[in-house]
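If you're matching them up, the sequences are chains A and B in order. At position 73 of the first sequence (counting the first as 1) the number is 73 in our numbering, and the numbers step up by one without a gap. Count along the second sequence starting at 1, add 1000, and that's the number in our numbering. C-beta: ideal position from N, C-alpha, C; glycine also.
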Amino acid sequence: MNTFDPKSIRSDFPVLSRRVNGRPLVYLDNAATTLKPQTVISAEMDYYQNFTSNIHRGVHTLSEEATDRYEAVREKARAFLNAHRSEQVIFTKGATEAINLVASAYGEAFLKAGDEIIISEMEHHSNIVPWQLLCERKGCVLKVAPMNDRGEIIFSEFQKLLNEKTRFVSLVYISNSLGTINPVKKLIKEAHKYEVPVLLDAAQAVNHFAVDVHDLNCDFLVFSGHKLFGPTGVGVLYGKKELLEAMPPYQGGGDMIASVTFKKTTFNTLPYKFEAGTPHIAGVIGLGAALDYVKEIGFEAISKYEQDLLEYGTEKLLTIDGLSLIGTASQKAAILSFTLPGIHPHDIGTIVNKEGIAIRTGHHCTQPVMAHFQIPATSRASLAFYNTYDEIDQLVSALKTVKTIFA
Amino acid sequence: MPDINELYQQTIIEHHKKPRNFGKLEHYTHHAEGYNPLCGDHLHVYLRVGADQIIQDVSFEGDGCAISRSSASLMTESLKGKPLNTAKELFNEFHDMLLKKLDPAKDPHHLGKLSIFAGIWQYPSRVKCASLSWHTMTGALEQKESVSTE
Ligand SMILES: Cc1ncc(COP(=O)(O)O)c(C=O)c1O
């Protein structure tokens, strides 16, 4: 697609025709979750209406159809990430569960007391707490790579943390509260010098540009479907085959076994070893439709348009007297976190909502980031390709109203 | 939905900017820390209660949105000099008003200025902002160290 037309794209998203407080919805909370195109909604409904059944368990027609459709999404996700083989794609409940899976299964098998795990200062709580829990269980030590005041990981500090005791690195690709795009390829390369595996939390990355696990050479990568225009309750863990194979199962149950007796259970092969129980079949099928949808638009067009929006939004927001942008990295995704002096983000959020504008206010599950900037919270406008220049103008105008109320 | 100016009335903005009884009380007899994990609002309430069960002085300090700060400020004004029993009654009335169980326009009450928070039930995510200081005050009187809205 050469000509990118947000107007025609907007009609793909039914919720964009909603009005909120008498105004057309301006949805600027895409980092929390993205909207869903009709094709995703229809795909999920199609499963419930036309071929509801369990997968991997039946010889009947519906079950075969559902199994085929479910497994076809695994192949789509493989292609989406440019992974080598589809069994490297494991369906989870979301990014959070995928990180917990790795922290538990990999951590249980390969980490021991005194081993060091490196994360960064800008992690989402979901990439902090699972490692803290592991450290408590195993006596490992969590090390935090600091960031500078633009919200960029300080590479030399990251280098200093790496040593013979480092056994795992887990990093966010794009920060949900700052928008920073981390130079993950370079960070991975550095960690690999110590033969340390690296997990990338790509929850905020997969919707902005093409992510290529082969090129990045990451060892694990996680994302959530709902931040990629897909359903909630479904996500992906990608892992290198030899690592996934060496890891013990995460949860026990149906589908993850080869055979069960009371004496001894043997486990299924990849990817089923990590997919215990009936999965979110409808969600996976919906995720497949979301992957088709972004492929059709194309990341080249998406990235370019979003970067233009980001530039416009940055410029416009900075025209507001006193407004500070939190997160000014040189490489950024279309996420604009900001503060207004003397006005709490929750008041800002409530007032702009009156004009139909949805932004997120709070700590964005990144309390250490707030602590770094010594603020309790920020307001955050996070953009997607269906947002428009006009919507940014509306936000700016609403923020001026906020300032008048607090004048 | 009501006009936004009904929520952000002049009194609220004014108490937010210049909170009354702000800062740590000297010689307090009761103290608690209140926390709203959802928005990070965080405040301390201090009370000095006499042997006669009268609130001689009360103060608060901490960070928060306009709703939580102005609510705390107005609370301290309305509690000063009141017997503990009255404070508890005021808390109950205030709480009922936030949950729309008491309509200050119709039902009898002793809320005075506090009735400017009457419309807040229309903003469910903000009810806890208005009630945080009150829960913290009650916690202090019950000798709790910290109070959380969750
Ligand atoms: C950077 C990042 N990592 C992880 C997550 C967790 O995603 P989920 O809640 O879908 O598991 C989020 C969601 O906000 C996020 O922004």
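Which chain A residues are close to residue i, counting only those with a beta carbon under 7 Å from its beta carbon?
i, result
"P1063/B", "It should be noted that the sequence gives Asp, not Pro, for residue 1063/B. P376, listed in chain order."
"A1130/B", "Those within 7 Å of A1130/B in chain A number zero; the least Cβ separation is about 12 Å."
Check the Cβ of residue i against every Cβ in chain B and list those closer than 8 Å, keeping chain order.
i, result
"I405/A", "I1004, N1005, Y1008, I1013"
"D347/A", "Y1008, C1065, A1066, I1067"
Based on the DSSP output, what are the partners of residue i in its beta bridges?
i, result
"N1036/B", "D1041/B"
"L318/A", "Answer is none; L318/A lacks a bridge partner."
"K332/A", "T180/A"
"Y27/A", "A358/A"
"Y386/A", "Answer is none; Y386/A lacks a bridge partner."
"I174/A", "I181/A"
"K7/A", "For K7/A, which the question treats as bridged, DSSP gives no partner whatsoever."
"R380/A", "S337/A, R360/A"
"S1071/B", "Its beta-bridge partners do not exist; DSSP assigns none."
"A19/A", "For the record, residue 19/A in the displayed sequence is Arg; it is not Ala. Answer by DSSP bridge pairing, in chain order: P24/A."
"H1109/B", "Beta-bridge pairing links H1109/B to no other residue."
For residue i, name the three-state secondary structure that DSSP assigns.
i, result
"M247/A", "coil"
"Q88/A", "helix"
"K112/A", "coil"
"M1001/B", "Residue confidence for M1001/B is low, a pLDDT of 48 falling below 50, so the modelled location carries little weight and cannot support an answer."
"I117/A", "strand"
"A1051/B", "coil"
"P279/A", "coil"
"G107/A", "helix"
"S1059/B", "strand"
"P1083/B", "strand"
"D201/A", "strand"
"H364/A", "coil"
"M1137/B", "helix"
"T266/A", "strand"
"V260/A", "strand"
"H1016/B", "helix"
"M1/A", "Any reading at M1/A must be qualified, since the residue scores a pLDDT of 45, below 50, and its modelled position is unreliable; no value is offered."
"S1148/B", "strand"
"R57/A", "coil"
"V98/A", "First, the amino acid is wrong: residue 98/A is Ala here, not Val. Three-state DSSP puts A98/A in a helix."
"R1126/B", "helix"
"F406/A", "coil"
"I343/A", "strand"
"L287/A", "helix"
"V211/A", "coil"
"H1095/B", "helix"
"Y238/A", "strand"
Which residues in chain B sit within 7 Å of residue i, going by Cβ to Cβ distance?
i, result
"H363/A", "G1040"
"I335/A", "What I335/A touches in chain B: nothing, since even the nearest Cβ is about 19 Å away."
"D46/A", "Chain B residues near D46/A: none, gap ~35 Å exceeds 7 Å."
"H344/A", "G1064, C1065, A1066"
List the residues of chain B that residue i touches, going by C-beta distances under 9 Å, in chain order.
i, result
"T350/A", "I1004, L1007, Y1008, C1065, I1067, Y1123, S1125, R1126"
For this session: Specify whether the region 329-338 of chain A and the region 142-154 of chain A touch according to this definition: at least 3 beta carbon pairs, one from each stretch, less than 8 Å apart.
Result: yes
For this session: Examine the Cβ distances between the region 1131-1146 of chain B and the region 1080-1091 of chain B and report whether three or more of them are shorter than 8 Å.
Result: yes
Exercise. Does the region 122-132 of chain A come close enough to the region 90-101 of chain A that 3 or more CB-CB pairs lie under 8 Å?
Worked result: yes
Exercise. Is the region 54-62 of chain A touching the region 302-314 of chain A in the sense that three or more CB pairs, one from each, lie closer than 8 Å?
Worked result: no
Exercise. Does the pairing of the region 1032-1042 of chain B with the region 1001-1018 of chain B give three or more beta-carbon distances under 8 Å?
Worked result: no
For this session: Give a yes or no on contact between the region 266-282 of chain A and the region 75-91 of chain A, applying the rule of three or more CB pairs nearer than 8 Å.
Result: yes
For this session: Mind the definition here: the region 1053-1061 of chain B touches the region 1075-1082 of chain B only if three or more C-beta pairs lie below 8 Å; say whether that holds.
Result: yes
Exercise. Three or more beta-carbon pairs under 8 Å between the region 336-355 of chain A and the region 378-386 of chain A, yes or no?
Worked result: yes
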